[in-house]
Amino acid sequence: MTLHETLPQKPADPRLTGIIKLACLAVGGQGGGVLTGWIEDMARANGYVAQATSVAGVAQRTGATVYYLEMAPAGAGMPVFSLMPAAGDVDIMIAAEMMEAGRSIIRGFVTPDRTTLIASTHRALAVSEKMAPGDGIASSAEVIAAAEIAARRFIAADFDALAIRNGSVISASLFGALAGSGALPFPREAFEAAIRASGKGVEGSLRAFAAAYEVAQKPPAGAPPAPPAPAVPVARGPARLMAEWQLLEARVAALPAPAAEMALPGLRKVVEFQDLAYGAEYLARVEAVLARDSAAQGHQLTREAAKYIANAMAYDDVIRVADLKTRAARFDRIRGEMRVKDGNLMHLTEFMHPRAEEIAGMLPAAMGARVEASPKWMARLDRWFNRGRRLRTDTLRAFLMLHLLGGMKGWRRRTLRHRQEVAHLEAWLATALGHLPRYDLAVEVIRCRRLVKGYSDTHARGLSKFDRVMGGIALVAGREDAADWARRLREAALKDEEGKALDGALETIRSFV
Amino acid sequence: MAERSFKAEVEHLRLGAGDTFTGEGILAITKALLESGVGYVGGYQGAPISHLMDVLADAQDLLGELGVRFEANANEAAAAAMLAASVHYPIRGAVTFKGAVGVNVASDALANLSSSGVTGGALIIVGEDYGEGSSIMQERTHPFAMKSQFWLLDPRPNLPSITKAVSDGFDLSEASNTPVMLMVRIRSCHVTGSFETRDNRRPPLSVREALSNPRSDFARVVLPPMSYAHEQDKVKNRWPAAEKFIRERGLNEVFGPAQAPVGLVVQGGMYNGVIRALQRLGLADLYGNSDVPIYVLNVTYPLLSSEFLDFCEGKDQVLVIEEGQPEFIEQQLSTYLYRAGSSVKLRGKDIFPMAGEYTGQVMLDSLSSFLRQAAPGLLAAVHRAPNEDRPQIPDLTKTVPIRPPGFCTGCPERPVFAAMKLVQKETGKLQIAADIGCHLFASLPPFEIGGATMGYGLGPAANGAFDGGGERRPVAVIGDGGFWHNGLSSSFGNMAFNKSDGVAVIVDNFYSAATGGQDVKSSRADNATKATKNPISKALKGIGIEWVREVNRTYDVGHMRDVLREALTTDAPGPKVIVASSECMLNKQRREKPLMQAAIKEGRRVEAPRFGVDEAVCTGDHACIRLSGCPSLSLKKLDDPLRDDPVASIDQSCVGCGNCGEVADAAVLCPSFYRADVVHNPSRWETRLAAFRARIIGWLQARRAARTLRFEAL
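The listed protein sequences derive, respectively, from chains A and B.
Under this note's numbering, the residue at position 109 of the first sequence is numbered 108, and the numbers go up by one with no gaps.
So the number in this note's numbering is just where the residue sits in the second sequence, counting from 1, plus 2.
Here it is, written out as structure tokens:
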């Protein structure tokens with residue numbers, strides 16, 4: 000084939016550099032349409048021709064949405080604008096959520112040569128992240144790290160919280176950040192005029208706009224500020240109890256620092272759960288672990304034991320739930336969260352569903368065990384108690400009932416549930432410590448206690464996963480890499496509800512032992 | 003009423019000659035219809051043309067003034083059938099629906115209409131739901147035009163071109179006695195821009211007037227021998243007439259230099275994407291002036307052989323830019339070249355990907371690849387041998403989760419599927435067929451209910467093979483929209499006639515919700531022009547289905563589960579149908595929120611419910627989320643070093659629908675949930691009672707607090 004050189008070569012049309020390409024990735028319902036509308040109206044009002052388009056489809060229902068806008072100074076003719084963002088060809092990328100920022104990077108809309116990335120760091124968790132029985136939340140840090148590399152300029156802040164603080168929604172704060180970024184050739188007044196022209200919720204929008212404008216103008220140096228350190232809880236109570244508490248605190252202080260760090264909140268948890276004597280028992284258990292621990296590994300075993308023994312000792316029984324539900328601090332917290340104003344009242348409804356197991360668990364251990372062993376009695380208890388109960392804890396009857404239940408701590412140690420929990424705890428600890436001197440394996444077994452959580456069926460499923468994981472560990476206990484396998488099994492167990500991943504991991508183990 | 007009101011936009015439809023309309027593509031089309039003297043309009047909603055139907059519904063006054071009849075058709079088949087009015091009468095008619103699915107439904111009527119031919123212009127506006135943001139199977143509408151011989155317009159995606167296509171479409175239809183389909187893609191429907199308007203025109207003959215002078219002609223009826231004559235007429239008269247019109251009116255466009263080694267043949271809808279790629283390659287300027295000749299097919303069917311061959315004259319290679327598969331246009335054009343004995347090399351899907359959307363990157367890659375091969379002289383050095391040194395951007399594909407659409411906050415369908423999930427825990431996995439609509443989101447996690455969808459209104463029909471029953475009954479899910487679209491006859495008629503043993507759940511949310519909240523026959527709203535408030539259960543009884551259970555508050559998960567269990571286990575013969583009714587929360591909130599705020603302001607007593615989670619009680623197992631997926635039920639990481647897993651947390655957007663509490667109760671999950679009802683403007687007696695209670699409760703709390711050790715964060 001011959002090559003024709005009939006046409007002269009030309010550089011790209013210099014007028015093309017005048018096109019500003021702006022994309023916005025949002026989650027359905029975030030007001031991406033409002034934001035695009037403002038930008039478009041502002042561009043037109045300031046001597047630009049603009050074209051916007053969107054892909055909403057079914058994505059309007061909480062799915063990912065894309066808005067795209069191009070503008071150029073008005074001139075002789077009508078520019079030909081594209082209807083979709085192209086990889087490597089976006090000047091301004093607005094991501095209304097952190098993972099959407101990640102998605103914009105994946106799609107190539109953020110490039111170091113040209114893109115200003117404005118992202119809100121807050122998270123709207125996807126269903127897949129929320130469903131996992133463990134911690135399935137995606138890493139924002141990874142997205143931020145990628146954005147630092149991918150974007151020419153990266154402006155990030157929690158624009159959602161900022162908008163809410165100012166009585167508005169995220170579209171307003173993102174518009175403010177866009178103005179503050181200086182990426183568009185329009186003055187601040189032009190942005191504000193667009194908000195005013197829309198005529199809806201103008202005051203709130205302008206407040207959120209102004210706040211975000213400031214943030215974008217002076218982006219915080221380096222990484223986003225670390226969240227404020229959690230407030231340290233302080234003990235309060237009668238002098239006699241306080242004196243005893245201080246003795247326990249002193250025992251914690253005597254532990255090696257890594258262990259003490261975990262043992263102090265652990266101690267608070269068990270004392271709050273039961274009483275100071277129970278706290279002393281807790282410390283005795285922790286100290287017993289310490290006796291077999293070594294400084295060489297940084298007392299990791301004691302630290303992990305301090306954490307999980309506390310969780311195991313402060314198990315979730317009816318008394319604990321009733322106690323937590325009837326505290327004054329809880330009532331105040333909820334009133335604050337629900338923004339109950341003076342002159343308003345608040346009704347509070349709890350959703351309880353006791354089963355025969357919970358009732359039997361409350362009986363004295365020997366009697367409870369007999370009841371639990373008798374299908375007839377369990378059926379009877381179910382008939383009497385097993386139904387959903389809506390308790391209005393702002394009324395006297397329901398409050399009193401829970402208040403009395405919550406006050407039954409003196410009774411707790413005699414119950415069947417307590418005996419079961421203690422037995423489980425001791426067996427688990429013994430198994431873990433039995434693996435010593437194989438330190439890593441012992442630590443991993445301690446950590447498996449994380450699997451036991453939830454109530455009723457979920458709790459039963461957790462226990463069964465715990466048992467299966469322990470069984471799996473027993474199979475590989477003789478191997479060099481037993482600790483690795485223990486960790487892998489635990490992580491698999493936290494992946495899905497039915498334990499499919501765990502079954503898969505166990506299958507693998509059985510294939511080689 | 004639809005979820006978005008277009009009352010403000012309707013005013014734009016009144017613009018006259020010399021005015022400028024600025025707005026969305028789909029509204030511009032509506033305006034162009036009125037300017038073309040359309041006599042009747044109709045259609046069936048669906049993305050991306052829902053707004054067209056919503057605007058028309060909101061524009062009833064204007065339509066009345068102009069003597070235009072608007073019909074919200076029962077489905078796409080009904081809409082296409084309505085175009086029968088243009089067969090005998092010189093009245094212009096337009097209907098709209100989505101493609102390819104709507105066209106599938108309408109195809110029977112479209113084929114008959116195309117056989118009969120039209121006298122008045124008949125325009126079908128199809129929103130082609132293809133590529134990113136699409137909610138349907140990825141297919142093309144194109145072959146429907148080929149098989150039925152109607153004409154297909156695919157204008158360049160800007161408002162002047164799209165609106166011109168409307169008026170050209172009517173003219174073409176009348177000049178060739180053939181219905182014309184105007185295809186607009188998702189982004190073209192939502193693209194904004196401006197065009198100069200003309201005055202609206204009253205139809206010369208209105209449908210009311212036509213009724214006074216009825217016409218008929220058996221030669222137009224699709225019966226032998228006339229049907230044979232229709233086929234001949236299509237080929238011998240209508241097709242040539244269309245070609246003549248397209249050529250003479252210059253509906254297709256040629257841009258760029260007359261002489262060049264290569265040329266591009268593009269579907270009108272692809273034009274802007276092509277220009278952008280050329281701009282990036284330095285071969286076009288801001289205004290689209292291109293150094294490469296471009297033949298723009300604003301009419302993609304029929305294709306004009308002579309026009310195409312003229313364009314190819316003197317070129318070595320011509321590239322066809324045609325989105326979707328198979329490549330009908332490319333095949334047709336290569337036939338033209340072959341028959342003409344041409345030596346021009348036709349390129350197309352050998353360069354472009356066969357399937358999928360032509361995104362910016364695809365366009366750039368394919369065009370530069372073509373030009374590098376066919377005319378490297380055109381390209382600047384930088385594009386001939388791209389040698390980019392880009393920094394390595396970390397791969398986030400494993401980090402960023404997918405975000406498919408799901409049920410809205412407070413959706414009344416969520417508890418239906420939570421109940422189904424609970425029932426399946428008792429019965430084991432069931433055979434479940436799904437339909438089209440919001441409820442199809444249940445097929446995704448966390449519910450994973452429903453294994454297949456066969457089309458709108460076809461959910462229960464899709465279980466036909468299992469109608470005979472077995473150890474466990476098959477279950478089908480269908481929405482109220484699907485029920486009235488086609489489900490009553492195709493699905494429930496089928497079940498009743500075949501004495502199905504299956505279970506069908508009708509999720510009745512009072513609207514055609516997924517398409518934007520349009521009214522359907524069973525909607526509870528008053529509608530001045532439509533007959534609403536027709537209970538679904540009555541229709542079921544009417545076709546002989548006896549076992550019907552109505553659940554009037556789906557949020558009662560326990561009850562919902564019991565009814566499902568009953569349907570699965572009852573001895574009653576015949577179909578078991580559950581009508582699960584609760585209003586779409588999106589629409590309910592839109593309606594009730596302003597009323598509630600007004601009531602609070604006026605000092606009336608209002609209870610505002612919202613849910614919460616006690617984070618100390620929640621153990622972070624997320625069982626509640628696996629039965630919900632509600633956007634307002636999320637997770638929160640605690641500062642507590644003793645806790646590994648994030649706990650459930652309910653944010654401000656909670657509408658207090660009750661699902662959380664009901665699920666926690668029905669599934670016996672945990673006692674973490676609570677509902678707080680804030681009472682605005684309580685009565686004096688109520689306030690006094692609350693104060694009395696608070697005093698006693700406060701005293702008890704203080705008493706216990708004084709005796710125990712408490713830890714308080716400062």
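Just so you know, even glycine gets a beta-carbon here, dropped at the ideal spot from N, CA and C.
ask   = Which chain B residues sit within Cβ distance under 8 Å of Thr394(A)?
value = In the first sequence, counting from the first residue as 1, residue 394(A) sits at position 395. Within chain B, the residues near Thr394(A) are Arg695.
query = Nearest chain A C-beta to Glu11(B) closer than 8 Å, yes or no?
reply = Counting from one through the second sequence, the residue named residue 11(B) turns up at place 9. It does not; no Cβ of chain A falls within 8 Å.
message = Between Ile248(B), Gln375(B), Leu283(B), which has its C-alpha nearest Val384(B)'s C-alpha?
response = Here residue 384(B) is taken as the residue at index 382 of the second sequence, counted from 1. Of Ile248(B), Gln375(B), Leu283(B), the residue nearest in Cα terms is Leu283(B).
message = Can you tell me whether Ala515(B) is helix, strand or coil according to DSSP?
response = What you label residue 515(B) is simply residue 513 of the second sequence in a count that begins at 1. It is coil, neither helix nor strand.
query = Leu34(A) by DSSP, collapsed to three states: which one?
reply = Taking the first sequence and counting its residues from 1, the one referred to as residue 34(A) is at position 35. If DSSP states are grouped into helix, strand and coil, Leu34(A) belongs with the helices.
query = Are three or more beta carbon pairs between the region 444-463 of chain A and the region 344-351 of chain A nearer than 8 Å?
reply = no
query = What residues from the region 462-480 of chain A come within 8 Å of chain B, judged by C-beta to C-beta, listed N to C?
reply = none
query = Counting only beta-carbon atoms, is Leu440(A) nearer than 8 Å to chain B?
reply = The residue given as residue 440(A) occupies position 441 in the first sequence. Not an interface residue.
ask   = So is Ile333(A) in contact with chain D if we call contact Cβ pairs under 8 Å?
value = In the displayed structure, chain D is absent; the protein chains listed are A and B.
query = Going by beta carbon distance, what residues of the same chain come within less than 6 Å of Ala481(A), once the five residues before and after it are set aside?
reply = Locating residue 481(A) in the first sequence gives position 482, where the first residue counts as 1. Closer than 6 Å at Cβ, skipping near neighbours: Leu440, Val475.
task = Determine the contact status of Leu154(B) and Met183(B), defining contact as a CB-CB distance below 8 Å.
result = Translated into positions along the second sequence, residue 154(B) becomes position 152. Translated into positions along the second sequence, residue 183(B) becomes position 181. Yes, the pair counts as a contact, with Cβ atoms nearer than the cut-off.
message = So that I know if they touch, is there some Cβ in chain B lying closer than 8 Å to that of Ile105(A)?
response = As a position in the first sequence, residue 105(A) is number 106, starting the count at 1. Yes, Ile105(A) counts as interfacial toward chain B.
ask   = Hey, quick one: how far does the beta strand (DSSP E) through Trp486(B) stretch, first residue to last?
value = In the second sequence, residue 486(B) corresponds to position 484, counting from 1. Per DSSP, Trp486(B) belongs to no beta strand (DSSP E) and is neither H nor E.
ask   = Closer than 8 Å, CB to CB, is Gly343(B) near chain A or not?
value = Walking along the second sequence from the start, residue 343(B) turns up at place 341. It does not; no Cβ of chain A falls within 8 Å.
query = Listed in chain order, which residues of the region 672-695 of chain B have Cβ atoms closer than 8 Å to some Cβ of chain A?
reply = Cys672, Pro673, Phe675, Tyr676, Arg677, Ala678, Asp679, Val680, Val681, His682, Asn683, Pro684, Glu688, Thr689, Ala692, Arg695
request  = Under 8 Å between beta-carbons, which chain A residues line up against Ile164(B)? List them in chain order, please.
outcome  = For the purposes of this step, residue 164(B) is taken as the residue at position 162 of the second sequence. What Ile164(B) touches in chain A: nothing, since even the nearest Cβ is about 12 Å away.
query = Going along chain A, which residues have a C-beta under 8 Å from Glu255(B)?
reply = Against the second sequence, residue 255(B) aligns to sequence position 253. The contacting residues do not exist; Glu255(B) stays about 13 Å from chain A at best.
query = From Val107(B) to Ser307(B), what distance separates their C-alpha atoms?
reply = In the second sequence, the residue the question calls residue 107(B) occupies position 105. In the second sequence, the residue the question calls residue 307(B) occupies position 305. The alpha-carbon atoms of Val107(B) and Ser307(B) are separated by roughly 32 Å.
request  = Kindly indicate the opening and closing residues of the alpha helix (DSSP H) around Gln288(A).
outcome  = Stepping through the first sequence from its first residue, residue 288(A) is reached at position 289. Note that residue 288(A) is Val in the sequence shown here, rather than Gln. Start and end: 275-290.
ask   = the ligand GTP heavy atoms versus the CB of Gly278(A): any closer than 7 Å?
value = Of the ligands one can find in the structure shown there are none, so the ligand GTP has no counterpart to examine.
Residue burial classification, Asp469(B) (beta-carbon count within 10 angstroms, cutoff 16) = For the purposes of this step, residue 469(B) is taken as the residue at position 467 of the second sequence. Buried, by the Cβ-count rule.
Alpha carbon of Arg71(B) to alpha carbon of Val214(A), nearest angstrom = The count along the second sequence starts at 1 and reaches residue 71(B) at position 69. The count along the first sequence starts at 1 and reaches residue 214(A) at position 215. Rounded to whole angstroms, Arg71(B) to Val214(A) spans 54 Å at the Cα level.
message = Assuming the contact rule is C-beta atoms closer than 8 Å, Val665(B) and Val565(B) should be a hit. Round their C-beta distance to whole Å, please.
response = Mapped onto the second sequence, residue 665(B) falls at position 663. Mapped onto the second sequence, residue 565(B) falls at position 563. That belief does not hold up - the Cβ atoms of Val665(B) and Val565(B) are roughly 16 Å apart, past 8 Å.
message = Less than 8 Å between the C-beta atoms of Ala311(A) and Leu424(A), yes or no?
response = Against the first sequence, residue 311(A) aligns to sequence position 312. Against the first sequence, residue 424(A) aligns to sequence position 425. In this structure, Leu424(A) lies closer than 8 Å to Ala311(A) by Cβ.
inquiry  = Suppose you measure from the CA of Ala618(B) to the CA of Ala196(A); what does that come to, to the nearest Å?
reply    = Position 616 of the second sequence, counted from the first residue, corresponds to residue 618(B). Position 197 of the first sequence, counted from the first residue, corresponds to residue 196(A). Those two C-alpha atoms are separated by around 47 Å.
query = What are the residues that DSSP puts in a beta bridge with His458(A)?
reply = To locate residue 458(A), count along the first sequence from 1; it is residue 459. Answer is none; His458(A) lacks a bridge partner.
message = To test your reading of the DSSP string, which unbroken alpha helix (DSSP H) runs of 4 or more residues are found completely within the region 575-656 of chain B?
response = 587-603
ask   = Cα-Cα, which of Leu247(A), Tyr454(A), Ala176(A) is closest to Glu280(A)?
value = Taking the first sequence and counting its residues from 1, the one referred to as residue 280(A) is at position 281. Among Leu247(A), Tyr454(A), Ala176(A), the Cα nearest to that of Glu280(A) is on Leu247(A).
ask   = Going by Cα to Cα distance, which pick from Ile104(A), Lys199(A), Asp159(A) is closest to Phe153(A)?
value = Within the first sequence, residue 153(A) is the residue found at index 154, counting from 1. Checked all of Ile104(A), Lys199(A), Asp159(A); the closest Cα to Phe153(A) is Ile104(A).
query = Does the beta carbon of Ser172(A) sit closer than 8 Å to a beta carbon anywhere in chain B?
reply = Counted from its first residue, the first sequence places residue 172(A) at position 173. No, no contact with chain B.
Per-residue contacts from Gln419(A) into chain B (C-beta, under 9 Å) = For this step, residue 419(A) is matched to residue 420 along the first sequence. Chain B residues near Gln419(A): none, gap ~17 Å exceeds 9 Å.
query = Can you list the residues of chain B that Ile148(A) reaches, using a CB-CB cut of under 9 Å?
reply = In the first sequence, the residue the question calls residue 148(A) occupies position 149. Within 9 Å Cβ-Cβ: Pro393, Gln394, Ile395, Pro396.
ask   = What separation, rounded to the nearest whole angstrom, lies between the Cα atoms of Asp331(A) and Gly605(B)?
value = Residue mapping note: residue 331(A) aligns to position 332 of the first sequence, counting from 1. Residue mapping note: residue 605(B) aligns to position 603 of the second sequence, counting from 1. For Asp331(A) and Gly605(B), the distance between alpha carbons rounds to 25 Å.
request  = Reducing DSSP to helix, strand and coil, say where Lys306(A) ends up.
outcome  = Here residue 306(A) refers to the residue found at position 307 when the first sequence is read from its first residue. Lys306(A): helix per DSSP, three-state reduction.
ask   = CB-CB under 7 Å to Lys351(B), same chain, minus the five flanking residues each way: which ones, in chain order?
value = Here residue 351(B) refers to the residue found at position 349 when the second sequence is read from its first residue. Glu329, Glu332.
key: Contacts of Gly406(A) in chain B (Cβ-Cβ under 8 Å)   = Here residue 406(A) corresponds to residue number 407 of the first sequence, with the count starting at 1. Those are Arg706, listed as they occur along chain B.
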